[in-house]
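With the UniProt record's numbering applied, the sequence shown has no gaps in its numbers, which climb one by one up to 122 at the end.
The C-beta atom is built at its ideal place from N, Cα and C for all residues, glycine as well.
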Amino acid sequence: MSSFAPIFEIPATDLDRAVNFYSRIFDLTIETMEMPEMKMGLFPYENQPTVGVIIQGEGCVPSSSGVTVYLNAGEDLQIVLSKVESNGGKVLLPKTPHADESGFFALFLDTEGNRLGLHSPN
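Next up, the structure:
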């Protein structure tokens, strides 16, 4: 097994707004595609064990409770976290060291109301 969680989905009520948010805070291009029942934005996944998707469609309901997905924020998550509020999100927990000194994490709400985390080694 190459990845314990090979796919994750981030639900959206407005795909364009969500794609713009993630594109801006991570400074990357998110490819979009439309199917009869849903719209999707795919995070870059070349040479990655996990595929991340922003998805809008029936049954895709954003949530600030439940499972929290932690996204890789590169070497220092503060760079990404500092862009969250200026792009319509909300910082819930600032950059915080892991208790075991294995890196740092933070929590935020995206423009859709999803709670997500960031992780980085520095």
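Between which residues of its own chain and Y45 is the CB-CB distance below 8 angstroms, once the five residues before and five after are set aside?
Position 45 of the sequence shown, counted from the start, is the residue given in the question as residue 45. V51, G52, listed in sequence order.
Fully enclosed by the segment 17 to 93, which alpha helix (DSSP H) runs are 4 residues long or longer?
Under the rule that a run must span 4 or more residues, the alpha helix (DSSP H) segments found entirely inside the segment 17 to 93 read 78 to 81.
Assuming F21 and D110 make a contact with CB atoms under 8 angstroms, what is their CB distance in whole Å?
Position 21 of the sequence shown, counting from 1, holds the residue named residue 21. Position 110 of the sequence shown, counting from 1, holds the residue named residue 110. So it is a contact: roughly 6 angstroms between Cβ atoms.
Taking Cβ positions only, does F26 come closer than 8 angstroms to chain C?
This model lacks chain C altogether; it includes just one protein chain.
Does the distance from the C-beta atom of T32 to that of G41 stay below 8 angstroms?
In the sequence shown, residue 32 corresponds to position 32, counting from 1. In the sequence shown, residue 41 corresponds to position 41, counting from 1. Contact: yes.
Kindly give me the distance between the Cβ atoms of L81 and V91, rounded to whole angstroms, as I take these residues to be in contact under 8 angstroms.
For the purposes of this step, residue 81 is taken as residue 81 along the sequence shown, with counting starting at 1. For the purposes of this step, residue 91 is taken as residue 91 along the sequence shown, with counting starting at 1. Going by Cβ atoms, the distance from L81 to V91 rounds to 6 angstroms, so yes, they are a contact pair.
How about P62 and A12: are their beta carbons less than 8 angstroms apart?
Taking the first residue of the sequence shown as 1, we reach residue 62 at position 62. Taking the first residue of the sequence shown as 1, we reach residue 12 at position 12. Taking 8 angstroms as the Cβ cut-off, P62 and A12 qualify as a contacting pair.
What number of angstroms, rounded off, separates the C-alpha of D14 from the C-alpha of R115?
For the purposes of this step, residue 14 is taken as the residue at position 14 of the sequence shown. For the purposes of this step, residue 115 is taken as the residue at position 115 of the sequence shown. Spanning the two alpha carbons is a distance of roughly 16 angstroms.
Less than 6 angstroms between C-beta atoms, sequence neighbours within five positions excluded: which residues of the same chain meet that for G57?
For the purposes of this step, residue 57 is taken as the residue at position 57 of the sequence shown. Within the same chain, G57 has close Cβ partners E37, M38.
Measuring alpha carbon to alpha carbon, tell me which residue in G117, N72, I7 is nearest P94.
The residue labelled residue 94 in the question sits at position 94 within the sequence shown. That would be G117, whose Cα lies nearest to the Cα of P94.
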